[in-house]
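There are 2 protein chains.
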Amino acid sequence: MGVGDVSKRILLGRKLRSSQLGETLLPKRIALPVFASDALSSVAYAPDEVFIMLSLAGASAYVWSWKIGIAVALVMAAVVASYRQTVHAYPSGGGDYEVATVNLGANAGVTVASALLVDYVLTVAVSISSGAQYAAGAVPVLVGHEAMVATVFVVVLMAINLRGIRESGTFFAIPTYAFMVAILGMCAWGIIELVVGTLPKVESANLHITPAPGHGSSMTTLALMFLLARAFSSGCAALTGVEAISNGVPAFRKPKSRNAATTLLFLGMIAITMMLSVITLAKEMGLRYVDPAQLDRLSINGHPVPAGFDQNPVIAQIARAVFIDFSPAFYAVITVTGIILVLAANTAFNGFPVLGSILAKDGYAPRALGSRGDRLAYSNGIVFLAVMAIILIQVFNAETTRLIQLYIVGVFVSFNLSQLGMIRHWTRELKTQSDPARRRHMHRSRTINAVGLTFTAVVLVIVLITKFLAGAWITILAMVVFFMIMKGIRRHYDNVNEELAADEEDKVMPTRVHAIVLVSKLHKPTLRALAFAKATRPNALEGVYVSTDPEATNRLLEEWDERNLGVPLKVLHSPYRELVKPIVDYAMEIKKANPRGVVAVYIPEYVVGRWWEQLLHNQTALRLKGRLLFAPGVMVTSVPYQLRSSQIARERAERSRRRVRAGDLRRGQVTDRRGRGPR
Amino acid sequence: MGVGDVSKRILLGRKLRSSQLGETLLPKRIALPVFASDALSSVAYAPDEVFIMLSLAGASAYVWSWKIGIAVALVMAAVVASYRQTVHAYPSGGGDYEVATVNLGANAGVTVASALLVDYVLTVAVSISSGAQYAAGAVPVLVGHEAMVATVFVVVLMAINLRGIRESGTFFAIPTYAFMVAILGMCAWGIIELVVGTLPKVESANLHITPAPGHGSSMTTLALMFLLARAFSSGCAALTGVEAISNGVPAFRKPKSRNAATTLLFLGMIAITMMLSVITLAKEMGLRYVDPAQLDRLSINGHPVPAGFDQNPVIAQIARAVFIDFSPAFYAVITVTGIILVLAANTAFNGFPVLGSILAKDGYAPRALGSRGDRLAYSNGIVFLAVMAIILIQVFNAETTRLIQLYIVGVFVSFNLSQLGMIRHWTRELKTQSDPARRRHMHRSRTINAVGLTFTAVVLVIVLITKFLAGAWITILAMVVFFMIMKGIRRHYDNVNEELAADEEDKVMPTRVHAIVLVSKLHKPTLRALAFAKATRPNALEGVYVSTDPEATNRLLEEWDERNLGVPLKVLHSPYRELVKPIVDYAMEIKKANPRGVVAVYIPEYVVGRWWEQLLHNQTALRLKGRLLFAPGVMVTSVPYQLRSSQIARERAERSRRRVRAGDLRRGQVTDRRGRGPR
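For the record, the sequence lines run as chains A and B.
The letter at position 611 of the first sequence is residue 611 when you use UniProt numbering, and the numbering goes up by one with no holes.
The letter at position 78 of the second sequence is residue 78 when you use UniProt numbering, and the numbering goes up by one with no holes.
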């Protein structure tokens, strides 16, 4: 591709830009699956956790299951209503982080950011662990190897995201809608059977659950309350991911806020319907489900369950019973559930870079995360996410029940701060608003957020009380660490900014430019560097050669004279073949002789294309440039000479630049398939 | 350290240089241990290998042991005599590589280099594996974990060499002389006992060896010949390392060649004495020794040896028997033997960078290896050596007997090519020499080298025949791979040189300099870059800002006007926050408008000192510089601004520069302890 093409492409790209941008924004029917997979997928594990907690008091406690389901549904309704306010008030996509920062200050914002970071790691760990359980449900040979399966899933997801996958609407739409159809269809069919009275029992219906020690029929009311609170807080895992839409408003079609709010409403309704249906069916079909670590509490006809017995997830048990006469439907339900769980994990890989770039813009993360195209910084983020998730999966042996204990704290910390921020937002807005209709509207919004805050605050307290020792302390510790790192980064940037703030004397121009051109041989790059240096008309110009071998030096001096270059050549002797130090020292000597002047060091470099060629060249130039950066009053100029093979590297860089990055879709940045889009 | 100190140190350093250089050269008594540890250490395993091979035909074959010892001693005498000629003819330290290159051409030289590279890896693997066996002999709990012990040794050696250890004469002298005293003392004591008739038997004397299948008393003469040839070629492992002195002539005191030749003679005499003494004593003391993989061929009183039985190395058995009444002496012998083996491995870590720098100078290895101070290239070499050695140790389970099969091929390939080269050398010299005395001397030298060639050629053929299938094919394959890599690197450098060769038109000066200064903010670094750029008086000068956010852009534009800088500011819009591409495109547009001009891009950079600070800054500048290298007609100037913390990095760089590198001693590069030496 020649220079002409490049400019043409720029022009073409610019012309297309604004129109194409509209095309790539998401209609509601596509936005729903893109942002909903995380929230909807939790129906695959949240009901299971409710039943596990209740089973501590034996199967009789399952009478509480639908009440807990309704309590979770109420909280979800409140949260959805609250976020609909957020979407209208903060359409820029900053989400909870922005709301907290603007209304509650930087510390609240950074707290939310820490919570979200922890949350992304846990989303991957929990979703993939749950997915591994479904995989083991469908492919029995995997039973007992869930941690290994989950780790492989994470590694594959990481590789896909490092490579750059085109996250398109279709990519999400098909599996998410398939999941909705499968689960809602299964539930509808089950409820019809329930009404007709032909509802079958699930496979675990004939099991007996021994209550856990201290949880039997002699349980105190207080202990029962605590148990119900634990079950409720585990069920609140269903709420994770609801906030995703508030981070993705810019990707919606216009009117963005209204469309986002509507989508959020749909999402809430679907999620509540699914969860309540699954809980009801499971209860009616006689489900018996305990913590997989306590299978010894299950018995059948008075005998303990045989060794090697394994529980299938709740949805798998329901599907198997409901579709007892049509096993393809059972496998379809299991498969789409597994896919949606992996998709939910993938949303964390996509959300992470978006959060990173927002944090970078505010100085809480390395600046490199803030600009598109820093592939290294971006890849590090994805690898970090994957490694943390794998550590959690291995430590907790991919047991969803134990990972859930860590999960919800982060989510509810950010829910709370966000709701509190929204209340402050409306209070502030009310101060300046005089139109009564709009004031009424604001009052209403503030009430909704206040209700939301009440609910989420109660849940957070319950979660902290019931889960702190069970693992939530790890989450809180991780949040504190992230918080301190981010504050530290910001403090560093602030210090640097202060040190760099310009004052008047900085405009002083150097009185003299002393240019030196490094010479290693008399070849094209050296001659080009000499010519370029001459073109800048410095006050003094000389070639500098580091002599490590008298013979080569004499040859060069002769050739230098022959060429009649009109530039003197300074020879620096270096008996031990050091190249960098003599040059640095010489530059500093010149600078010292002319403290108000500047030394310009010209380094001829030739540019090769293949990675192994790069290993063979320019190591000295690189080291020298690195060292000269520390010499005050010296500027370093690279004069490149492109060898034929450099074309290869140029093309590779261009390909890499055009590659899709995780998170593009959520930011409304999508190119068309020919890569001619708005980049 | 201020600039003044730096210059003073330079001057001081220069003044001291020539006098200090003399001081650091090695007297013979120090040079012997420095260069002899590799050659002498082989007495710790070479006799064992002879007995192992002979034991295939049962203990009766041990009658051949001293004859094989004498054959090995003869070869060693011939090789030592030959290398004494090399040391006189090629005092520059290039050793076999130089001799082969000069006299037989580049391909022979590269072949020798490949052989030496393989040899370094094997020196580490064999010495450390043997050392691990001695460690297991002294500390029985290590028995069976030799491969693990050896791997740990290699990792520790690697770490020490990466860190940079001061390889001083004392470092070698004490353990090497201790080893000589211990072994020669033990042998002397044993021989006195032998003469007096009180020589005890070794621990294995009462064992019986069952001959290996096909090697019994019914063995054919041909089979016996083959067996003796195998034993002989294993015994030739004693010759490895003899050539080291020829690579180290520059480190000797004057007269360098004569001192080196004398040291070589001492080395040869000591090595031969040790080897013959050990073999004689072992034979007389009734040693029984088989391949550790075939312990089932040993029996005691007609019963097989018990499970868990382990053989101690030959020297350990002799020492235990001779010092039966004084066990500290036994432990002393074992300990110094172990130390000398580790020291021998360390010489490979020291020789490797020296060979690398010679190869780099000739274009067969990456240039970066050729200059002191390229810590990265240098470290890569050490890590490479360690990793290859560990792979060999693990694959061969640290069994010296199996590793020996790979070892000697490389050594004898380089012996042969070197001797052949020396014969050519003398023939060529004879053509121009007319002084009869010197001609006689040359004829004598040529005869010595011819004898040397004959011996080493015979050994090489025997080694190839007896060991090819036992492992020597791996060595040959590795040599071929190294050979092809080195030739490929050289071909690449030649191609580049051809492409870079200067012609007349390269002197054309650009007609116009268009300078652009990148602006991200109006802070000190930007103002400094603007001032420096102005000082070069370009034909056109403008600031360039990539706008990703209209608000920030407006703020900057206002500030720019307020400051009254007298330089226009060009704003490039980048809606997707790409920073690099707009700048590269703009520079190329300017270049296109003025094809005969040059674009000078000034990048303000601020320099921080701590590694984590570096992660937080300048990623964009780095990427931009990388991309601009590929833009023809663009030169890139870094204008650094040193923040306070940059001092830390400067001090770190200085420390790293002054650090000792492996191989310094062998090149005659030693600083005194205060680090003020000739660097």
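Glycine included, every Cβ here is placed at the ideal spot set by N, Cα and C.
By the criterion of Cβ-Cβ separation under 7 Å, what are the contact partners of residue i in chain B?
{"i": "A:R537", "result": "R537"}
{"i": "A:K254", "result": "Result: empty, since nearest Cβ-Cβ is about 17 Å, beyond 7 Å."}
{"i": "A:V249", "result": "Chain B residues near A:V249: none, gap ~18 Å exceeds 7 Å."}
{"i": "A:L50", "result": "Contrary to the premise, residue 50 of chain A reads as Val rather than Leu in this sequence. Under the 7 Å cutoff, chain B gives no residues; its nearest Cβ is about 44 Å from A:V50."}
{"i": "A:S646", "result": "F630"}
Just mark residue i as buried or exposed, buried being the case when its beta carbon has 16 or more other beta carbons within 10 Å.
{"i": "B:H215", "result": "buried"}
{"i": "A:V112", "result": "buried"}
{"i": "A:M484", "result": "exposed"}
{"i": "B:K625", "result": "buried"}
{"i": "A:S129", "result": "buried"}
{"i": "A:G421", "result": "buried"}
{"i": "A:I192", "result": "exposed"}
{"i": "B:L269", "result": "A small correction: the amino acid at residue 269 of chain B is Met; Leu does not occupy that position in the sequence shown. It counts as exposed."}
{"i": "B:Y120", "result": "buried"}
{"i": "A:I462", "result": "buried"}
{"i": "B:A368", "result": "buried"}
{"i": "B:K254", "result": "exposed"}
{"i": "A:R652", "result": "exposed"}
{"i": "B:T432", "result": "exposed"}
{"i": "B:R230", "result": "buried"}
Within a Cβ cutoff of 8 Å, which residues of the same chain sit near residue i, ignoring the five residues on either side of it in sequence?
{"i": "A:Y62", "result": "F51, L54, S55, K283, L287"}
{"i": "B:L104", "result": "L417, L420, G421, R424"}
By Cβ distance below 6 Å, which residues in the same chain neighbour residue i in space, the five residues on each side in sequence not counted?
{"i": "B:R9", "result": "Unreliable positioning characterises B:R9 in this predicted model, as indicated by a pLDDT of 39, which lies under 50. The coordinate reading is nonetheless provided below. Nothing meets the Cβ criterion."}
{"i": "A:N416", "result": "T456, A457, L460"}
{"i": "A:G370", "result": "S357, A360, K361"}
Excluding five sequence neighbours on each side, which residues of the same chain lie with their C-beta closer than 7 Å to the C-beta of residue i?
{"i": "B:E23", "result": "Because B:E23 sits at a pLDDT of 45, beneath the cut-off of 50, its placement in the model cannot be relied upon, and the following sentence gives the value as read from the coordinates. Closer than 7 Å at Cβ, skipping near neighbours: no residue."}
{"i": "B:R297", "result": "I209, T210, A212, V290"}
{"i": "B:Y407", "result": "L122, V126, A237, T240"}
{"i": "A:V110", "result": "Y364, F483, M486, K487"}
{"i": "residue 681 of chain B", "result": "Only positions 1 to 679 of chain B appear in the structure, and residue 681 of chain B is not among them; the question remains open."}
{"i": "B:I448", "result": "A81, S82, Q85"}
{"i": "B:G95", "result": "E243, S246, N247"}
By the criterion of Cβ-Cβ separation under 8 Å, what are the contact partners of residue i in chain B?
{"i": "A:R627", "result": "A653"}
{"i": "A:Y606", "result": "V496, L500"}
{"i": "A:P510", "result": "A531, F532, A535"}
Just to make sure I have the definition right: I need the residues of chain A whose C-beta is within less than 9 Å of the C-beta of residue i. Which are they?
{"i": "B:L556", "result": "Chain A residues near B:L556: none, gap ~12 Å exceeds 9 Å."}
Under 8 Å between beta-carbons, which chain A residues line up against residue i? List them in chain order, please.
{"i": "B:I489", "result": "L616"}
{"i": "B:P313", "result": "None at all; the shortest Cβ gap to chain A is about 42 Å."}
What in chain A is Cβ-close to residue i, meaning under 7 Å?
{"i": "B:A649", "result": "F630"}
{"i": "B:M635", "result": "F532, T637, S638, V639"}
Could you tell me which chain B residues have their CB closer than 9 Å to the CB of residue i, listed as they occur along the chain?
{"i": "A:M486", "result": "Those within 9 Å of A:M486 in chain B number zero; the least Cβ separation is about 12 Å."}
Assess, as a yes-or-no matter, whether the segment 135 to 154 of chain B is touched by the segment 507 to 517 of chain B under the definition of 3 or more beta carbon pairs within less than 8 Å. no
Just checking, does the segment 73 to 83 of chain A make contact with the segment 439 to 457 of chain A on the three C-beta pairs under 8 Å criterion? yes
To test your reading of the DSSP string, which unbroken beta strand (DSSP E) runs of 3 or more residues are found completely within the segment 438 to 496 of chain A? none
Does the segment 610 to 617 of chain A come close enough to the segment 618 to 637 of chain B that 3 or more CB-CB pairs lie under 8 Å? no
Segment contact flag, the segment 171 to 182 of chain A with the segment 35 to 42 of chain A, C-beta cutoff 8 Å, min 3 pairs: yes
I'd like the ranges of any alpha helix (DSSP H) spanning at least 4 consecutive residues and lying wholly in the segment 244 to 293 of chain B. Segments of the alpha helix (DSSP H) lying fully in the segment 244 to 293 of chain B: 244 to 247, 256 to 284.
Give the list of continuous beta strand (DSSP E) stretches no shorter than 3 residues that lie fully inside the segment 568 to 603 of chain A. 569 to 573
Within the segment 34 to 65 of chain A, ranges of the alpha helix (DSSP H) (whole runs, at least 4 residues): With a minimum length of 4 residues, the continuous alpha helix (DSSP H) runs that stay inside the segment 34 to 65 of chain A are 46 to 54.
Using a Cβ distance threshold of 8 Å, determine whether the segment 143 to 151 of chain A contacts the segment 423 to 430 of chain A, with at least three qualifying pairs required. no
For the segment 68 to 128 of chain B, list the beta strand (DSSP E) runs that are entirely contained and at least 3 residues long, ordered along the chain. none
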